[in-house]
Amino acid sequence: MIITRKVLVLTLFQGLLTECWCQKWDFPNIIFGLAGSCVEIPCVFSPQNNSGTSSTVWYLYRRKQYLEIFNSQKSSSVLSEYRDRTSLARGRKSCSLRIDPVRRDDSEEYYYPGIAEHQRTNAWSLSGMILLLNVTDDPPIPALSGKNRMVEGNSETIECSVWHTCGSSPPSLKYNKSGQTKRHFEALPRGYWREILHLRYVPTSEDDKTVIQCTATYHNGKTSQRAATLNILYAPKDVMVVLPKPKAIIEGGDVILTCFCKSNPPPLTYEWYRANSKVKLRSEDQKSLILRNVSKDTEPYSCSAINEVGRGESPPTRIPMQYAATGVQVIVLYKAGGATRLKCSFVSSKPNVTHYTWFKDGNKLIYKTGQILVLDNNEDMSGSFSCIAHNIVGSSTSSELELEAIDADNNEEGTKKMIYMTLFPVLGFICLSILVICIYCRYKAHQASSPTSTTQEVHSLKNLQCSDANYTDLVKEEVSDYYNSLKPPFPTQREPGGRNVTSDNHYENIIK
């Protein structure tokens, strides 16, 4: 009987030892956690026929003490400072411990798992395995990767990634540039994870030399960033011809034109063109172009900038020339009575004319600096006049204008004659117009009152035309015989002197 009891006790003890020594755990020996965030300590156990989830316990390492920070069967035995912060992470055969939130006091502490039913069945007692938790206040900084050089318009993929130790609550990633994004993650060894966000980015010249940034936001609200400067290649843009400033460009001088643009990389060569017809200057391929002896009639210039990506062209640029007044001449504005007004006229001036100088018969008129010169009497009106127009560039002189004095009486008589010559044709035209209108009105009134008489007159005219044919029947005859038969036998009288004279008494009888 005693032997039987000993055998039973030995068998039971052997079974307990076998169960204890066969239980194994796998977990890392160190892990990092972010203060205020969460941490998941990975843990798996074996053998498979033992359900660790239903009886898992985690201990805080203290010599000769078993301080529980998690107990899947009895939460009341857990230390108060861990009771609401610890739980098991999901997973098959998992004894993974989740601490949320991680406190700064949790740092530099050692932890190990075990089985709740057997206090001494734990990783430390059986295998001497423990885990060190390091807590940091600084979140990990993301990694940013992509091409160092991008070409405008060509789509590129940029990757932002960051590691963490809380797989169930990963940090969120975000770019400061627009584009299509795609998220995924990777499980790394020993409890670490990698969160990844890809950006499909189309480069533009506006983004060149700007910063692309990826921001990671963690479970505790803390953030970290990684930034990089974009290097985007593009053809020359905003090409323009630049003139020297602030120096004014004077007619007859030299000017340097510069072809300016924005490009990456800088232009390798340049092309220059004259006028709107794009006449290329073959020998000019530099950034600057020197023009000599320029004038206000100089044609506009344009340029092209060329780099390894492409080319860009500027619009034609006209040189803003400054020149003295052109086309200066003296003109008479008004000349009547006792006053004459002369004007110093010009075609163009850049900048504007500042003042004028007047001359009479080659002599300068003092205090006469305005554009209008007023001559008040006949003595002033007679002579040769000229003027000079001045601006900051130079002066231009007019040709001389000969002006004669005008007598007031002759001028008045001439004025009257001019008025008469103008007035009489106008009055004559008005009278003629009235006469034509009256005749037309009488004609219309006559037609409206006697349409029958008009018809009879027409018929009479036709009859007259028909009677003209009778004259064609006349025959020419000798009329001398008839004339002789009509002559009466007048007696003749002898005139004293021997000539016979016809008596006047016969004429008297005929008249009677």
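Numbering (mature numbering (1 follows the signal peptide of the UniProt record, and there is no 0)), first residue to last: -22 to -1, 1 to 490.
Where a beta carbon is used, it is the ideal one built from N, C-alpha and C, also for glycine.
Open item on the list: Let's test the definition: count the other Cβ atoms within 10 Å of the Cβ of Leu(-6) and tell me whether it reaches 16, buried, or not, exposed.
Closed with: With a pLDDT of only 42 at Leu(-6), under the threshold of 50, the placement of this residue in the model should not be trusted; the figure read from the coordinates follows. Classification of Leu(-6): exposed, given that the 10 Å Cβ count is below 16.
- [ ] Could you tell me which uninterrupted beta strand (DSSP E) segments, each at least 3 residues in length, are contained entirely in the segment 138 to 214, listed from first to last along the chain?
- [x] 150 to 153, 158 to 165, 171 to 179, 189 to 195 and 201 to 207
Task: Nearest-angstrom Cα separation, counted from His176 out to Thr159 - done: 5 angstroms
Open item on the list: Just to check my reading of the structure: Ala283 and Pro214 have Cβ atoms closer than 8 angstroms, yes? What is that Cβ distance to the nearest angstrom?
Closed with: 4 angstroms
Open item on the list: Spatial neighbours of Asn198 within its chain, please: C-beta separation below 7 angstroms, excluding the five flanking residues on both sides.
Closed with: Leu12, Gly14, Ser15 and Pro79
Open item on the list: Quick check on Asp232: does DSSP put it in helix, strand or coil?
Closed with: coil
Task: Contact belief for Ser280 with Pro298 at Cβ below 8 angstroms, rounded distance in angstroms - done: Ser280 to Pro298, Cβ: 15 angstroms. No contact.
Open item on the list: Can you look up Arg68 in the DSSP assignment and give me helix, strand or coil?
Closed with: coil
Task: Where the alpha helix (DSSP H) through Arg61 begins and ends - done: Ser58 to Arg61
Task: Ala317: first and last residue of the uninterrupted alpha helix (DSSP H) it sits in - done: It is not in any alpha helix (DSSP H) - Ala317 instead sits in the beta strand (DSSP E) that spans Ala317 to Ser323.
Open item on the list: Measuring straight from C-alpha to C-alpha, what distance separates Asn126 and Cys21?
Closed with: 41 angstroms
Task: C-alpha gap between Thr304 and Ile397, whole angstroms - done: 38 angstroms
Task: Beta carbon of Val306 nearer than 8 angstroms to that of Ser362 - done: no
Task: Counted within 10 angstroms of its Cβ, other Cβ atoms place Ser364 as buried (16 or more) or exposed - done: buried
Open item on the list: Just list the residues that DSSP pairs Gly361 with in beta bridges.
Closed with: Leu381
- [ ] Quick one: give me the first and last residue of the beta strand (DSSP E) that Ser374 is part of.
- [x] Ser373 to Thr375
Task: Spatial neighbours of Asp84 in its chain, beta-carbon cut-off 8 angstroms, leaving aside the 5 residues before and after - done: Gly11, Ile77, Leu111 and Val113
Open item on the list: Could you give the first and the last residue of the continuous alpha helix (DSSP H) run that contains Leu104?
Closed with: Ala101 to Ser105
- [ ] Report yes if the C-beta distance between Thr201 and Lys187 is below 8 angstroms; otherwise report no.
- [x] no
Open item on the list: Residues in the same chain with beta-carbon distance under 7 angstroms from Phe163, minus the five sequence neighbours each way, listed in chain order, please.
Closed with: Pro148, Trp171, Arg172, Glu173 and Ile174
TODO: Look up Ser15 in the DSSP assignment and say whether it is helix, strand or coil.
DONE: coil
- [ ] Could you tell me whether the segment 34 to 49 touches the segment 90 to 102, using the rule of 3 or more Cβ pairs below 8 angstroms?
- [x] yes
Open item on the list: Which same chain residues end up closer than 8 angstroms to Val272 when comparing Cβ atoms and leaving out the 5 residues on each side of it in sequence?
Closed with: Ile227, Glu229, Gly230, Gly231, Asp232, Val233, Ile297 and Met299
Open item on the list: Just to confirm the assignment, what range does the beta strand (DSSP E) spanning Tyr279 have?
Closed with: Tyr279 to Ile284
Open item on the list: So for Asp216, helix, strand or coil by DSSP?
Closed with: strand
TODO: Return helix, strand or coil for Phe5, following the three-state DSSP convention.
DONE: coil
TODO: Under 6 angstroms Cβ to Cβ from Lys225, same chain only, skipping five residues before and after it: list those, please.
DONE: none
Open item on the list: Quick check on the burial criterion: 16 or more other C-beta atoms within 10 angstroms. Buried or exposed for Phe402?
Closed with: exposed
TODO: Let me know if Asn242 comes out buried or exposed under the rule of 16 or more other beta-carbons within 10 Å of its beta-carbon.
DONE: buried
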